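Residue numbers (UniProt numbering): 1 to 337. Below: the structure, in structure tokens.
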């Protein structure tokens, strides 16, 4: 927990370190540049990629030798002056030299050799202590790197999911835009159709107004026709009564006609009989003339008288027949009317 907090503090310090300014005349520090780039990559947006300097470290995480080398390199990069183990030893020597008394510095001969041996021992001890500290820092940095890689993978997965959702949202937005454009086109068409329907409705309204006027005129004519029909019905009632009377009169006339026909038939029979008698009388007269008998003179006179009487009867019958025929013609004419 303490190492992780220490490592996190170092990473924050590395992030706040400024990178090399292209306009600056300071020498380019490769180690510091790599440290800054690595820290920036660890805190970069999820859409970024792992720097090339870190890819080899990730690939060799399961290898013990590679892991040890990586820890040493990370510990060297994490030192304040970026000088590695030599920097640790030099720093320790400077601290020991400052802490030594002035009398030790002024001694010569064997004293100087003793001081050198003591300094070498202290440097060796400091070097080992620095190596242990560097190893611990490297281990802490490795753990932090693993955690950062795990977080990076999770962030990438989350970013992929968010990218997928974003693509789906963009596709849905495009579809919504297309649907909106289609709806707008349909709305424009609907407006055009509505304008056309409004014009048609106006025309229909005008036609309906004209039809209403025509209907009023037709109603007036219908009322007039109804009145005429009522008058005609009254006239038809009168005509019907007259027709009934005419029918009754025709029935009587028909009866009279039938009677006249019967009389005519009787007259025809009588005329026939008289014609036969006349013919017989003529025959008798011829017989009497041929005999020229005086005795028959009286009979001849009587026969002439009978013949004259027969002629009168025939004349009367002819007159009656003519009258009957005239009456029959008049009846037929009235029947035809």
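Even glycine gets a Cβ: it sits at the ideal position worked out from N, Cα and C. Please read these numbers as outputs of a predicted model, since none were measured by experiment.
Are the CB atoms of residue i and residue j nearer to each other than 8 Å?
i           : j           : result
residue 267 : residue 331 : no
residue 309 : residue 274 : no
residue 303 : residue 284 : yes
residue 281 : residue 255 : no
residue 230 : residue 327 : no
residue 324 : residue 263 : yes
residue 234 : residue 271 : no
Do you know whose CA, among the options, lies nearest residue i's CA?
i           : options            : result
residue 249 : 149, 185, 196, 334 : 334
residue 329 : 257, 189, 226      : 257
residue 265 : 227, 136, 199, 318 : 318
Could you check if residue i is buried or exposed, using at least 16 other CB atoms within 10 Å of its CB as the buried criterion?
i           : result
residue 316 : exposed
residue 148 : buried
residue 181 : exposed
residue 360 : Past the boundaries of the shown model lies residue 360; the chain is included only from 1 to 337, so the question cannot be answered.
residue 153 : exposed
residue 138 : buried
residue 245 : exposed
residue 142 : buried
residue 158 : exposed
residue 243 : exposed
residue 215 : exposed
residue 166 : exposed
residue 140 : buried
residue 172 : exposed
residue 145 : buried
residue 177 : exposed
residue 22  : In this prediction, residue 22 has a pLDDT of 44, which is less than 50 and means its spatial position is unreliable; nothing more can be read from the coordinates.
residue 81  : In this predicted model, residue 81 has a pLDDT of only 44, less than 50, meaning its place in the structure is not dependable; the value taken from the coordinates is given anyway. With fewer than 16 Cβ atoms within 10 Å of its Cβ, residue 81 is classed as exposed.
residue 62  : Interpretation of residue 62 is limited by its pLDDT of 44, a score under 50 that renders its predicted location unreliable; the figure taken from the coordinates is listed afterwards. Residue 62 should be labelled exposed.
Please determine whether the Cβ atom of residue i lies at a distance below 7 Å from any heavy atom of the ligand ATP.
i           : result
residue 239 : Ligands in the displayed structure: none, and consequently the ligand ATP is not present.
What are the complete alpha helix (DSSP H) segments, minimum 4 residues, inside the segment 164–206?
Runs of the alpha helix (DSSP H) inside the segment 164–206: none found.
Give, in chain order, every unbroken run of the beta strand (DSSP E) that is at least 3 residues long and sits entirely within the segment 235–302.
Listed in chain order, nothing qualifies, since the segment 235–302 has no complete beta strand (DSSP E) run of 3 or more residues.
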